[in-house]
Structure formats: C-alpha cells, structure tokens
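Residue numbers (this note's numbering): 17 to 147.
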C-alpha cells in the first residue's frame with residue numbers, strides 16, 4: 017500500500033480529526049488501539065486549546081501520512097519515523113524537542129485516559145489552537 021507524507025498543516029489537522037473520532041468512541045476496538053499508540057509513543061504533536069485550557073497529544077506515527085486511518089496504518093510496514101517526523105516538522109515550521117512541561121502535561125493526559133505511558137524519553141512539537 018502506498019502512502020504519501022503530509023505536506024501541510026491541513027493534512028495534519030485532517031489526521032487529527034480522524035484520531036479524535038477514534039477517541040470519541042470509547043467502546044470501540046479503535047479506541048483501545050489509539051490508547052496503545054498514545055501509551056507507546058515517542059514523538060507527539062501537542063495542541064493547547066486555550067478556550068478549553070486543554071492539552072491534547074497526537075502520536076507522530078499517525079499524523080505523518082496523508083489521510084491516515086488505523087486501517088491504512090496497519091499496512092504501512094515501511095514506516096520510518098525520520099521521514100514522517102521531518103515531514104511534520106516542515107509543515108509546522110519547527111523541530112520536535114524534549115520538554116519537561118509537556119512531559120508533565122502528557123502524563124496528565126494519559127491519566128485522563130486511564131493509561132500508564134512507557135518509561136521513555138519523548139519529544140514534542142507544540143502549537144496553540146489557532147484554527
């Protein structure tokens with residue numbers, strides 16, 4: 017199965033919309049699968065929604081390909097985080113980096129979803145909701 021890397025913020029936002037739809041279906045198998053990606057993830061896009069005072073975290077591996085879905089993603093055996101992370105960095109005009117503050121917020125986000133993240137060092141892109 018062919019996959020095309022994201023080339024714009026709109027591509028990323030479309031994937032976030034798909035991701036959020038999975039998170040909203042708490043009794044579905046997709047919900048559990050999404051929680052697994054959150055738990056195991058190493059690189060995330062963090063979006064802060066000022067109006068709700070809420071931080072949300074999206075695993076890069078699900079954001080890096082255009083029109084990505086869980087069904088498509090399972091067939092992407094060739095995934096290389098270096099490629100997807102570079103594509104996301106280009107779209108966001110920033111590099112992902114470690115952040116103590118975002119790590120704390122990520123752990124709180126995981127707690128809200130009833131998961132305990134792996135004990136790993138993570139990196140983040142950060143944007144405030146402006147769309």
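From the three backbone atoms N, C-alpha and C, an ideal C-beta is built for every residue, glycine too.
Contact annotation: residue 145 and residue 65 have beta-carbon atoms nearer than 8 Å. Contact between the segment 38-48 and the segment 95-110 is not established, with fewer than three Cβ pairs separated by less than 8 Å. In the three-state scheme derived from DSSP, where H, G and I count as helix and E and B as strand, residue 75 is classed as strand. In this structure, the straight-line span from the alpha carbon of residue 121 to that of residue 54 is close to 13 Å.
Here residue 144 is bridged, per DSSP, to 64.
In this structure, DSSP gives residue 134 a state outside helix and strand, which the three-state scheme calls coil. Within the DSSP bridge table, the entry for residue 21 names 81 as partners. In chain order, 25, 28, 61, 141 and 143 place their CB closer than 8 Å to the CB of residue 108, counting only its own chain and leaving out the 5 sequence neighbours on each side. A straight-line Cα-Cα distance of about 9 Å links residue 71 and residue 118. Residues 53, 54, 57 and 60 of the same chain have their beta carbon placed closer than 7 Å to that of residue 75, with the five preceding and five following residues left out of the count. Closest option to residue 115, judged by alpha-carbon separation, among 32, 136 and 78: 136.
In its chain, beyond the 5 residues on either side, 78, 79 and 84 have a beta carbon closer than 7 Å to the beta carbon of residue 31. Ranking 125, 103, 139 and 33 by CA distance to the CA of residue 69 puts 125 first.
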